[in-house]
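> Residue numbers (full-length UniProt numbering): 1 to 106.
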């Protein structure tokens, strides 16, 4: 659920997804939190209209979620590096295909 955590960006008056800050959204106007604009939220649903809206929103403590996001990004980065290393090892040990000359005379 912490992957759905967002931090409020005062300059843009929107929330940024902490796992991917390029994604911005607003709290849906039907939510009781839409006017209070808490610093950190977590949501369970998104709705796309002309804008992207978070539904079923809960206020969270940023001190709780920031370390989790940092650890997740670190693990994801390590996983990508390990996957790349496995591919490189597989390429190294993979036997090269031999060129075969075809007899084209009939």
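We put the beta carbon where it would ideally sit given N, CA and C, even for glycine.
#1: By how many angstroms is the C-alpha of residue 19 removed from the C-alpha of residue 74?
#2: Taking buried to mean at least 16 other C-beta atoms within 10 Å of its own C-beta, is residue 17 buried or exposed?
#3: Apart from the five residues on each side of it in sequence, which residues of its chain come closer than 6 Å, Cβ to Cβ, to residue 57?
#4: Skipping 5 residues on each side, what residues in its chain have a beta carbon closer than 6 Å to that of residue 76?
#5: Any idea which residues DSSP pairs residue 50 with across the strands?
#6: Taking all protein chains shown into account, do 16 or more other C-beta atoms lie within 10 angstroms of the C-beta of residue 128, making it buried, or fewer, making it exposed?
#7: For residue 3, which residues of its own chain have a beta-carbon under 6 Å away from its beta-carbon, when the five flanking residues on both sides are left out?
#8: Indicate the three-state DSSP secondary structure (helix, strand or coil) for residue 21 in the structure shown.
#9: Using a Cβ-Cβ cut-off of 8 Å (strictly less than) and excluding sequence neighbours within five positions of residue 109, which residues of its own chain qualify?
Quick look at the numbers:
#1: The count along the chain shown starts at 1 and reaches residue 74 at position 74. The count along the chain shown starts at 1 and reaches residue 19 at position 19. Here the alpha carbon of residue 74 sits roughly 11 Å from the alpha carbon of residue 19.
#2: Residue mapping note: residue 17 aligns to position 17 of the chain shown, counting from 1. Flag for residue 17 reads buried.
#3: As a working mapping, residue 57 is identified with position 57 in the chain shown. Closer than 6 Å at the Cβ level, and outside the excluded window around residue 57, lie 27, 31, 33, 41 and 43.
#4: Walking along the chain shown from the start, residue 76 turns up at place 76. So no residue of the chain qualifies.
#5: Counting from 1 along the chain shown, the entry for residue 50 is found at position 50. For residue 50, which the question treats as bridged, DSSP gives no partner whatsoever.
#6: There is simply no residue 128 to check, as the chain begins at 1 and stops at 106 in what is shown.
#7: Indexing the chain shown from 1 puts residue 3 at position 3. The residues are 19.
#8: For the purposes of this step, residue 21 is taken as residue 21 along the chain shown, with counting starting at 1. Strand.
#9: There is no way to answer for residue 109, as the model of the chain reaches only from 1 to 106.
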